[in-house]
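Inspection log for the structure reproduced underneath, given as structure tokens.
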Amino acid sequence: MGTKRVRKKIPLTSTTTRIPSGHKATQATISTFHTLIKQQSRLKRQLSATHVDEQRAALISELEAIDEKIDSLGGLASYQDASKLGQSAERGGDSAKVLISWLRREGVHHRRLLEIGALTPNNYASCSTWIENVPIDLHSQHPDILEQDFFARPPPSAPADHFDVISCSLVLNFVPDPCERGRMLQLIHQHLRPQPSSRMFLVLPLPCVRNSRYLSNELLVDLMRTVGFELVQERWKEGGKVGYWLWAWRESSPHGKLFSKKQVVHEGSKRNNFAIVLP
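Each residue of the sequence shown is one higher than the one before, counting from 1004 in my numbering.
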């Protein structure tokens, strides 16, 4: 009598969605999540401003449809899995290596680093003798990553609460509202040690800067200078996927109404709507 093969049972209620490992599939998953989150944010704003029952019912129905689409993709966990693949060294997305190389050029000495949106706690493990990393994420998937909303992080109340470096890698583009993006930059400035040696590391999908109708590389530099950052290093290439910028802390300057609303700087139907507005 032959040996009976025992098949591993899969729970009928399992909702786990396997993320395709191909580069194009990974980027498509991330892009789809970004689109859905933006739609969700827009509908929520409309809902909060609407008081007509029929209109509210229609908006709620649209929101439920968006939620179903997000769930069908595996929810936030699947987005984070796709982000891990997109940021892996094999995919050329290991931004920590770029930051480490830039910091080494400035001299190896103790740095306290806040890593916003950390997907793994080991990005700076090779430099643990001189980089004290504090990784945080809104939905932590590792016990060594502090689950925390950066927007809700208490402001520094003592010198020891400040950081020498703050990494914001592929996070700002996931904040759905332009004004909230500006507020995030202001909060990063607030959490850094107020001295010229402090650094802010910014990583964005390059089209956010190079193909936006509301932003350009020059405008980004001007906006960051207003927030309180001076450009130190940048790395990107025309037609590339990602851009890297290293900024030095400086005193912020009043912006008046210069960056208080979106302004078209590039026309074109193929341009995206990424923007940063200062509150």
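A virtual CB, placed ideally from N, CA and C, is assigned to each residue, including glycine.
At what residues does the beta strand (DSSP E) containing residue i begin and finish?
| i | result |
| --- | --- |
| R1238 | 1232-1238 |
| C1211 | Note, C1211: premise wrong, no beta strand (DSSP E); alpha helix (DSSP H) at 1210-1213. |
| V1168 | 1168-1172 |
| R1115 | 1114-1119 |
Going by alpha carbons, who is nearest to residue i out of the options?
| i | options | result |
| --- | --- | --- |
| F1204 | S1098, K1265, E1135 | S1098 |
| E1071 | H1054, T1053, I1040 | I1040 |
| P1158 | W1133, D1140, V1206, R1196 | R1196 |
| L1188 | P1210, M1227, V1168, R1202 | M1227 |
| R1216 | H1269, W1248, P1210 | H1269 |
| P1210 | F1277, G1231, L1046 | F1277 |
| Q1042 | V1178, G1271, D1056 | V1178 |
| R1238 | L1175, N1176, L1207 | L1207 |
| S1104 | Q1236, W1252, K1240 | Q1236 |
| P1124 | P1146, L1066, T1035 | P1146 |
| R1253 | S1172, T1032, T1053, D1167 | D1167 |
| R1248 | S1051, L1102, N1214 | Sequence check: residue 1248 is Trp here, not Arg. Out of S1051, L1102, N1214, L1102 has the C-alpha closest to the C-alpha of W1248. |
| I1191 | A1155, L1218, L1222, Q1049 | A1155 |
According to the neighbour-count rule (16 or more other Cβ atoms, all chains shown, within 10 Å of its Cβ), is residue i buried or exposed?
| i | result |
| --- | --- |
| I1063 | exposed |
| V1212 | buried |
| H1165 | buried |
| R1202 | buried |
| T1132 | exposed |
| E1118 | buried |
| A1121 | buried |
| V1245 | buried |
| G1271 | exposed |
| R1108 | exposed |
| F1036 | buried |
| S1034 | exposed |
| S1170 | buried |
Write down the C-beta distance between residue i and residue j rounded to the nearest angstrom, noting that I regard them as a contact closer than 8 Å.
| i | j | result |
| --- | --- | --- |
| R1115 | L1106 | With 8 Å as the limit, R1115 and L1106 do not qualify as a contact, their Cβ atoms being about 12 Å apart. |
| S1255 | V1280 | So it is not a contact: roughly 16 Å between Cβ atoms. |
| S1044 | D1152 | 15 Å between Cβ atoms; not a contact. |
| N1275 | N1214 | 6 Å |
| T1032 | L1076 | 7 Å |
| P1282 | C1182 | 5 Å |
Note down the Cα distance separating residue i from residue j, rounded to an integer number of angstroms.
| i | j | result |
| --- | --- | --- |
| S1200 | R1059 | 50 Å |
| P1162 | Q1193 | 12 Å |
| A1251 | R1186 | 18 Å |
| K1047 | S1160 | 34 Å |
| Q1266 | K1260 | 11 Å |
| L1175 | V1055 | 34 Å |
| H1142 | Y1127 | 20 Å |
| I950 | G1231 | The structure shown does not extend to residue 950, since the chain is modelled only from 1004 through 1282, so no value can be given for it. |
| I1069 | S1172 | 26 Å |
| V1111 | K1240 | 28 Å |
| T1229 | E1057 | 44 Å |
| C1130 | I1139 | 18 Å |
Could you check where the alpha helix (DSSP H) with residue i kicks off and where it finishes?
| i | result |
| --- | --- |
| A1060 | 1056-1075 |
| W1105 | 1098-1108 |
| G1243 | Taken as a continuous stretch (DSSP letters only), G1243 belongs to no alpha helix (DSSP H), as it is neither H nor E. |
| E1183 | 1181-1194 |
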